[in-house]
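Residue numbers for the sequence shown follow the working numbering, beginning at 143 and rising by one. Ideal Cβ placement from N, Cα and C applies to all residues, glycine included. Here's the structure, in structure tokens; my notes come after.
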Amino acid sequence: MWKKVIIRVAVLLLVFFGAVFVIGKIINQGTPNTTQEMAGATQPLIYMKNEGTLLNCLHGYREEMDVTTMRDSLTPINEDRSLEIQIDPYSMKVTDVTFEVITADGEKTTENTKVTKLQTEDGYINATLQLQNPILMNKEYMLKIQLTAGGRSLYYYTRIIQQDGLHAKSYLDFANGFYERCINGDADAIATSIEADDTGDNTNFARVDIHSSSDQLCWADLKPSVFYKPTPKIKELNETTATIVMNYMISARSESGKTELYQVWEYYRMRYTDAQMYLLNFERSTIEVFNPDNDVLISKGINIGVAGKDVNYKSDKENNFFAFVQAGDLWQYDVSSGKLAQIFSFRQKTDSDARDNYEQHNMEIISVSEGGNMYFLVYGYMNRGIHEGESGVAVYFYDSAASSVEEKAFISTKQSFGLLQKDVESLAYVTQNEEGFYILVDGQVYGVDLQTRALETVVEDLKADCYVSSESGKQFAWLEENKAFDSKTLKVMDLDTRQVRDITCSDSERLRPVGFMQEDIVYGVADQGDINVEHEGQELFPMKMLKIINSEGEEVKNYAVADTYVTKGEISEKLLTLTRMKKQGSTFIEATEDHIVNHAAEEETAYGLTTQVTDRKQTETILRVGQTIRNKTPQVTRPRQLIFEGSRDVVLPESKSSEILYYVYAKGELDSIYANANTAINRAEEMLGVVVDSNQQYIWERGNKKQKVDRLDVTKFPEIIRQGNMNITQLEEALGRQVLDLSGCSLDAVLYYVSEGTPVLAKTKDGVEVISGYDLYNTIILKPGDEEARYYGLEESEDMFKEAGNIFVTYLDPVTE
143 MWKKVIIRVA VLLLVFFGAV FVIGKIINQG TPNTTQEMAG ATQPLIYMKN EGTLLNCLHG
203 YREEMDVTTM RDSLTPINED RSLEIQIDPY SMKVTDVTFE VITADGEKTT ENTKVTKLQT
263 EDGYINATLQ LQNPILMNKE YMLKIQLTAG GRSLYYYTRI IQQDGLHAKS YLDFANGFYE
323 RCINGDADAI ATSIEADDTG DNTNFARVDI HSSSDQLCWA DLKPSVFYKP TPKIKELNET
383 TATIVMNYMI SARSESGKTE LYQVWEYYRM RYTDAQMYLL NFERSTIEVF NPDNDVLISK
443 GINIGVAGKD VNYKSDKENN FFAFVQAGDL WQYDVSSGKL AQIFSFRQKT DSDARDNYEQ
503 HNMEIISVSE GGNMYFLVYG YMNRGIHEGE SGVAVYFYDS AASSVEEKAF ISTKQSFGLL
563 QKDVESLAYV TQNEEGFYIL VDGQVYGVDL QTRALETVVE DLKADCYVSS ESGKQFAWLE
623 ENKAFDSKTL KVMDLDTRQV RDITCSDSER LRPVGFMQED IVYGVADQGD INVEHEGQEL
683 FPMKMLKIIN SEGEEVKNYA VADTYVTKGE ISEKLLTLTR MKKQGSTFIE ATEDHIVNHA
743 AEEETAYGLT TQVTDRKQTE TILRVGQTIR NKTPQVTRPR QLIFEGSRDV VLPESKSSEI
803 LYYVYAKGEL DSIYANANTA INRAEEMLGV VVDSNQQYIW ERGNKKQKVD RLDVTKFPEI
863 IRQGNMNITQ LEEALGRQVL DLSGCSLDAV LYYVSEGTPV LAKTKDGVEV ISGYDLYNTI
923 ILKPGDEEAR YYGLEESEDM FKEAGNIFVT YLDPVTE
């Protein structure tokens, strides 16, 4: 008996002391030890080398990343499968270098090799990575370089390719030369490479392109100097074209002699020929670094300077505090006191380098209180500080009275910045009681307790086009059935109260969300018999009525016009634009647009963004604060960060969406994500980009189509293709391949697949044709059952396929290991 009592007492004591320990840890996490400035960057950088030219600067990660998301650069390797690299260790000691070659889908490692010879010269470490095992030609792989530096492992990623005739050095030389001629003001030297015309904007340095004048591309009257030089980054490279992006900084002198700094991003798309290099497209964006020493307060507001069209700013309800993000820095202006606070920046006031200015992160202002307190996010790659080299979302709180910044939580991910940005744009919200944070990552909605860092999965496995959120993030809606065109229940959750309202329709109807106007949900109702889902990406969901329901569940508007149906709704600020069709018999024809205006969203013109024009800087952005600013000399503060015991990290469970998604990359970055290949291809064709799937397999490339393809060998076509069967399900069963519905794509776009050696099935009013080849003037087509293909004029082919609705089907036949 006594033995049992002793055991029970011991157990109770263990429970008691364990509880005391846990509670103590929680209390300590809420007690700051000290405040300090953010620590400087410490990690080395790695540069690739191509015939002596540095390219593709790689930044290290503390944790191994999901290789299928790491698509930031592409490095060609030499014919002997070697690659030269240069490491800038800064002050960190590098003791070990290994590299791994992984298939693009991340499923197989083909090589894992240690580099045995490192050469140090002028403070840099040079090495040659020699692949021991053969890799497939013309196929991309992921190269992961692992450094042991400062006693820990760091991981660096770039795609690699071995292919003849890439002309990488020529592309690099052209881009570097074009940049230098612009900086040097040599307008005549670039005039023959550009396409200057009336469509080019010559009034704003924030954005110029290939259609701007040569004088504008050479910086007109700004007369800048290079602050730090660019390192070219190859984004796409094939036998026909290349895409290169460059980031650098310039400086200029103001009228009063003060130094101005500008971040510059340039995008080059080029085509190589033996005769000359062609610049197919060029864009440049320039953003001025906000510097309170440079006369930024003017009578009409805050002169943000040269800025993009979408300046991220937010104010409190009384418009006493204005927060804004400019060139990667977060600032807040106190209207009453005239104080300017730099809330957050990875850029150091002095001695910044390429690590501080790395632009693979962004900031989101969540809320500004009437006292100036603010919640904000920093997401993406963390350039320096306690999370240096990590990828994730940091939730911060700025205490205006204490002039301090506190990290409330850090959600760690293995995603690239581009994917993480799409998720944050979908949902990121701090509750009004400041206790909870909600975010959508990879189709999962997570809730984080900001006091305990406890993690909760709120909604699981959401598919594309099945959810929307309000601009503030307070309201989140999703289709319960998780089917974009076949759902009868729309759930709307208030994330402050966690209350969920169900919106339903009758059994013969279906509904889907359009979006939010402020906090009011907009959704449409369609008759099930009118919905057409025959071709993916070309689905028709004709909404016979649109309803707007406020956050209290009250109907604000019911939009319905006789015999008129809404097929698409786009919400921009306070305007809802409706794409409409009319029904004639059993068919739908285009009708005029209509608009719904949210009058409750009217803003006073005394607040918000405007512009002013000057001779030297051209168009400058002004943030109006509702009154005339009289004190032009701001009091500048730079809050320090609170340092706490223990970690505030939140680790998300590993999850991978089962949905097949298509990613459009254009101009060197992730442009958009689609659930259907054809819609992704149409977007990529518009943006001069590429489409890849979740496994990084190329689905489509702009500009990598051969000029002609002699007729493919009909005898090698699968029998079901020769029969002209366009049933997607039957094709997938017979072929054992992924079948692509390309309906709605242009003929030029679908000929890419013929160029890759795969036939395309095309619908005509007389049946089906198999496209088996093409040249500059003809398609080569085959009727099912025929043995001989025939030539048909290219324009006539376009008309024939267009008449039948541009219905195309093909399949992927990827090269495998």
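The Cβ-Cβ distance between Glu576 and Leu592 falls below 8 angstroms. Assigned with DSSP and collapsed to three states, Ile352 falls in coil, not helix or strand. If the five residues before and after Leu882 are omitted, its C-beta is found closer than 6 angstroms to the C-beta atoms of Ala819 and Thr952, all from its own chain and listed in chain order.
Sorting Ile332, Asp607, Glu549 and Val453 by C-alpha distance to the C-alpha of Arg595 places Glu549 at the top. Taking 8 angstroms as the cut-off, the beta carbon of Phe369 is found closer than this to the beta carbon of Ser393. In this structure, Tyr321 lies away from Pro366, with their beta-carbon atoms at least 8 angstroms apart. When the alpha-carbon of Asn423 is set against those of Ile446, Phe466 and Ser335, the nearest one is in Ser335. In the three-state scheme derived from DSSP, where H, G and I count as helix and E and B as strand, Arg825 is classed as helix. Here Gln468 is buried: its Cβ has 16 or more other Cβ atoms, across all protein chains shown, within 10 Å. 8 angstroms or more divides the Cβ of Leu637 from the Cβ of Trp620. In the three-state scheme derived from DSSP, where H, G and I count as helix and E and B as strand, Ile870 is classed as helix. Ranked by how close their Cα comes to the Cα of Tyr807, the residues Met180, Asp214 and Leu482 have Asp214 in first place. Taking 8 angstroms as the cut-off, the beta carbon of Asp357 is found closer than this to the beta carbon of Ala329. Within its own chain, the residues whose Cβ lies closer than 7 angstroms to the Cβ of Ile188, once the five positions on either side in sequence are excluded, are Leu200, Ile227, Ile229, Ile287 and Tyr298, listed in chain order. In this structure Met391 is buried. Its beta-carbon is surrounded by 16 or more other beta-carbon atoms within 10 angstroms. The residue from Asp644, Ser558 and Val590 with its alpha-carbon nearest to that of Asp584 is Ser558. Ranked by Cα distance from Met388, the first of Thr382, Leu379 and Pro374 is Pro374. According to the DSSP assignment, Met942 belongs to the alpha helix (DSSP H) that extends over Leu936 to Glu945.
Taking 4 residues as the shortest admissible run, the segment 343–394 contains the following complete alpha helix (DSSP H) segments, listed from N- to C-terminal end: 356–359. Every unbroken stretch of the beta strand (DSSP E) spanning 3 or more residues and falling wholly within the segment 458–507 is given here in chain order: 463–468, 471–476 and 481–487. Beta-bridge annotation (DSSP): Asp736 is paired with Leu720. Rounded to whole angstroms, Glu179 and Phe539 show a C-alpha spacing of 16 angstroms. Phe683 sits away from Gln617, with the two beta carbons spaced by 8 angstroms or more. Residue environment for Thr210: buried (at least 16 other C-beta atoms within 10 angstroms of its C-beta).
Leu308 is the residue among Gln272, Leu308, Ile267 and Thr262 whose C-alpha sits nearest the C-alpha of Met279. In summary, Ser457 is buried, with 16 or more beta-carbon neighbours lying within 10 Å of its beta-carbon over all protein chains present. CA-CA distance, Arg722 to Val703, rounds to 10 angstroms.
Looking from the CA of Asp669, the closest CA among Lys725, Asn692 and Glu694 belongs to Lys725. In the DSSP assignment, Ile446 falls within the unbroken beta strand (DSSP E) covering Gly443 to Gly447. Boundaries for Gln769: no alpha helix (DSSP H) harbours it, and the DSSP string shows neither H nor E there. Residue pairing by DSSP puts Glu811 in a beta bridge opposite Ala808. Ranked by Cα distance from Pro434, the options Glu796, Val778, Gln865 and Lys907 are led by Val778. The segment 525–533 makes contact with the segment 495–504: 3 or more CB pairs, one atom from each, lie closer than 8 angstroms.
Closest option to Tyr665, judged by alpha-carbon separation, among Ser650, Thr631 and Ile923: Thr631. For Asp890 and Asp908, the gap between their C-alpha atoms comes out near 21 angstroms. By the neighbour-count criterion, in which a residue is buried when 16 or more other Cβ atoms sit within 10 angstroms of its Cβ, Gly615 is buried.
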